[in-house]
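Data block below; observations after.
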Amino acid sequence: MKIIYSDRHRLHAGDKEMYRGQLVPCFEKPERADFVYDAVKARNFGPILEPKEFAVAAIERVHAPRYIRFLEKAWDLWSAQGYTNDALPAVWPVRGHRTDIEPDHFAGKFGLYSYDSGTPFTAGTWAAAKTGADIALTAQQIVGGGERAAFALSRPPGHHSGPDFFGGYCFVNNAAVAAQAFRDNGAKRVVVLDVDYHHGNGTQTIFYDRSDVMFLSIHGDPRTEYPFFLGHADETGSGEGLGYNKNYPLPAGSSNALWFDALGDAVRRINEFKPDALVISLGVDTFADDPISKFQLREPEYLKLGAQIAALNLPTVFILEGGYAVAEIGHNVAHVLQGFED
Ligand code: Q9C
Ligand code: ZN
23 MKIIYSDRHR LHAGDKEMYR GQLVPCFEKP ERADFVYDAV KARNFGPILE PKEFAVAAIE
83 RVHAPRYIRF LEKAWDLWSA QGYTNDALPA VWPVRGHRTD IEPDHFAGKF GLYSYDSGTP
143 FTAGTWAAAK TGADIALTAQ QIVGGGERAA FALSRPPGHH SGPDFFGGYC FVNNAAVAAQ
203 AFRDNGAKRV VVLDVDYHHG NGTQTIFYDR SDVMFLSIHG DPRTEYPFFL GHADETGSGE
263 GLGYNKNYPL PAGSSNALWF DALGDAVRRI NEFKPDALVI SLGVDTFADD PISKFQLREP
323 EYLKLGAQIA ALNLPTVFIL EGGYAVAEIG HNVAHVLQGF ED
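Take 23 as the starting number for the sequence shown in the working numbering and just add one per residue.
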C-alpha cells in the first residue's frame, strides 16, 4: 500500500504539556513519526509519497469555519503579545457559559476552542495540522481512485479534535476529513473505526447525528481514562444518527481477549452496515508498554488486528493517531499493516 508522508510534521514540536500539576516534555513529539517512517520504509509496504495540497474547504466540511480561522491566525495573535514560547490554554467555558460570542482576548479565544492544558500550540502547529489533513485527503484520493488501502503517516494526531475544538494533542480531525471526503466523492456509507486507546470524542461529535458515517471506538473507560467526558456505552447517536455510534469502553488493564471481543462485535456491525469505505483511526497507545495507557496489545495482537481489518474487505485508509512508547511505535504500526497485507 502507498504511504503518504511529509517532513512538515516537524513544524509542530511542542515543548511542554501540563501533566499532574507540572509542565513535562510533550509525549506527542516528532520522533514518533520518525520511528513509524523508518519501520514502514524498512518493510517496503509500498512507495512513500508526498501529499497533494487541498483547499481548506475540505477541512471545513467537518470543522466550523470560525474555528479554522482561529487556528490559522492563532500564532500571530499570540506572538503579537510578545511571547515566543508555546501557548497553552488555561481557561475554559463550562455549562451555562456563552460560547456563541468569540472573546477578543487571545486567552478567551484559545479557551473557547480547546478543552485541556496538555495540547500546546506552537509557531508551526497550523502548518503541520494542515499538512496532516492533506495527507489524509491524499490517502483518501488514492483509495477512492481504486487502490485497496493507503496509510496516512501524519502527526499531530486528530481524533480528539471536534467541530470547533482542539485537545488531546489533536487540532484537525484527519479521520473525519477523510471520511467526509469519501462521502463527497460518491461513497454512500462510510465507517470510522477507532482503535486508539483513548475515545475518539472529536470524531464521535462530528458524526453523532448522521447515519451516513458510522463511528465505532474501542477505548479505555472514560470513567478513569482521558477524555473523561465522552465515550460511554450508552452514547448511540442522536436523531438520524441513532444507532450509528458504538462505543466499547473497556476497563483500564483489560485483557486482550476482552479487547478482541469488542473488535469482533465491531466487525459484525460494520459488515451489517455494508459501508463503501473504511477509515481506521490507528492509535497504538493500546501497546502493553505505552507510558500513558493501560491495555496489553503486542506484536501478535497487532498482526491479528490488521488481519481482521483486512477481512472486512473494504477500501481502507489508515490514519496514525496516538502511541507514545516512541521506540516501539514504528514496529507496532508496521505489524498492523503487515497483518492487513498478509
Ligand atoms: N498529559 C491521543 O492519543 N493527556 N491523545 C493524557 C498526558 C491526554 C492522547 C495525560 C492524552 C491524549 C491522540
Ligand atoms: Zn490515544
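Cβ coordinates follow ideal geometry from the N, Cα and C atoms, glycine included.
What residue does the beta strand (DSSP E) around residue i start on, and which one ends it?
{"i": "Phe173", "result": "Ala171 to Leu175"}
{"i": "Ile302", "result": "Ala299 to Leu304"}
{"i": "Glu39", "result": "Lys38 to Tyr41"}
{"i": "Ile26", "result": "Lys24 to Tyr27"}
{"i": "Gln44", "result": "Gln44 to Pro47"}
{"i": "Asp126", "result": "No beta strand (DSSP E) holds Asp126; DSSP gives it neither H nor E."}
{"i": "Val212", "result": "Val212 to Asp216"}
{"i": "Leu393", "result": "The structure shown does not extend to residue 393, since the chain spans only 23 to 364, so no value can be given for it."}
{"i": "Ile341", "result": "Thr338 to Leu342"}
Quick check on this structure: which residue in the options has the alpha carbon closest to the alpha carbon of residue i?
{"i": "Gln162", "options": "Val358, Ser315 and Ile26", "result": "Ile26"}
{"i": "Leu336", "options": "Phe57, Ala158, Lys316 and Phe362", "result": "Phe362"}
{"i": "Gly146", "options": "Pro125, Trp97 and Thr246", "result": "Trp97"}
{"i": "Asn278", "options": "Thr258, Lys296, Phe317 and Val348", "result": "Phe317"}
{"i": "Lys38", "options": "Asp216, Pro142 and Ser260", "result": "Pro142"}
{"i": "Ala150", "options": "Gly133, Pro178, Phe173 and Tyr137", "result": "Pro178"}
{"i": "Gly265", "options": "Asp122, Ser233, Ser239 and Phe251", "result": "Ser233"}
{"i": "Thr246", "options": "Leu280, Ile228 and Ile314", "result": "Ile314"}
{"i": "Ala102", "options": "Ser239, Ile228, His127 and Gly43", "result": "His127"}
{"i": "Pro322", "options": "Ala201, Leu359 and Thr338", "result": "Leu359"}
{"i": "Ile292", "options": "Arg88, Gly261 and Ser239", "result": "Ser239"}
{"i": "Glu94", "options": "Ile81, Pro69, Val199 and Thr225", "result": "Ile81"}
{"i": "Arg83", "options": "Asp311, Pro69, Glu294 and Ala200", "result": "Ala200"}
{"i": "Val217", "options": "Pro125, Leu327 and Gly168", "result": "Leu327"}
{"i": "His31", "options": "Pro271, Tyr135 and Tyr59", "result": "Tyr59"}
{"i": "Val78", "options": "Pro125, Gly104 and Thr153", "result": "Thr153"}
{"i": "Phe67", "options": "Val306, Arg170, Leu134 and Asp256", "result": "Arg170"}
{"i": "Asp122", "options": "Leu134, Phe76, Tyr270 and Val113", "result": "Leu134"}
{"i": "Trp148", "options": "Arg91, Gly305 and Val339", "result": "Arg91"}
Mind checking whether residue i and residue j have CB atoms under 8 Å apart?
{"i": "Thr144", "j": "Ala35", "result": "yes"}
{"i": "Ser176", "j": "Leu342", "result": "yes"}
{"i": "His220", "j": "His254", "result": "no"}
{"i": "Lys24", "j": "Ala203", "result": "no"}
{"i": "Gly242", "j": "Ala274", "result": "yes"}
{"i": "Phe237", "j": "Asn207", "result": "no"}
{"i": "Ser303", "j": "Gly222", "result": "yes"}
{"i": "Phe309", "j": "Gly345", "result": "yes"}
{"i": "Ile403", "j": "Ala174", "result": "Lying outside 23 to 364, the shown extent of the chain, residue 403 is not represented and no answer is given."}
{"i": "Ala61", "j": "Val355", "result": "yes"}
{"i": "Ala109", "j": "Trp100", "result": "yes"}
{"i": "Asp364", "j": "Ala333", "result": "no"}
{"i": "Tyr230", "j": "Gly180", "result": "no"}
{"i": "Arg54", "j": "Val348", "result": "yes"}
{"i": "Phe132", "j": "Ile351", "result": "no"}
{"i": "Phe187", "j": "Tyr137", "result": "yes"}
{"i": "Ser139", "j": "Pro73", "result": "no"}
{"i": "Arg205", "j": "Val235", "result": "yes"}
{"i": "Leu325", "j": "Trp281", "result": "no"}
Counting along the chain, where does the alpha helix (DSSP H) carrying residue i start and finish?
{"i": "Lys326", "result": "Glu321 to Ala332"}
{"i": "Lys95", "result": "Pro87 to Ser101"}
{"i": "Glu350", "result": "Val348 to Glu363"}
{"i": "Thr227", "result": "Asn223 to Phe229"}
{"i": "Val199", "result": "Asn196 to Asp206"}
{"i": "Val58", "result": "Pro52 to Ala64"}
{"i": "Thr106", "result": "Element bounds for Thr106: n/a, residue is neither H nor E."}
{"i": "Ile157", "result": "Thr147 to Gly166"}
query = Is there contact between the segment 113–123 and the segment 39–48, where contact requires at least three CB pairs shorter than 8 Å?
reply = no
inquiry  = I want to know whether the segment 278–288 touches the segment 190–200 - three or more CB-CB distances under 8 Å.
reply    = no
ask   = Could you give the uninterrupted runs of the alpha helix (DSSP H) lying entirely in the segment 235–298, keeping only those of 4 residues or more?
value = Within the segment 235–298, the alpha helix (DSSP H) runs of at least 4 residues that lie entirely inside it are, in chain order, 278–295.
message = When you compare the segment 211–229 with the segment 297–311, are there three or more beta-carbon pairs, one atom per stretch, that lie closer than 8 Å?
response = yes
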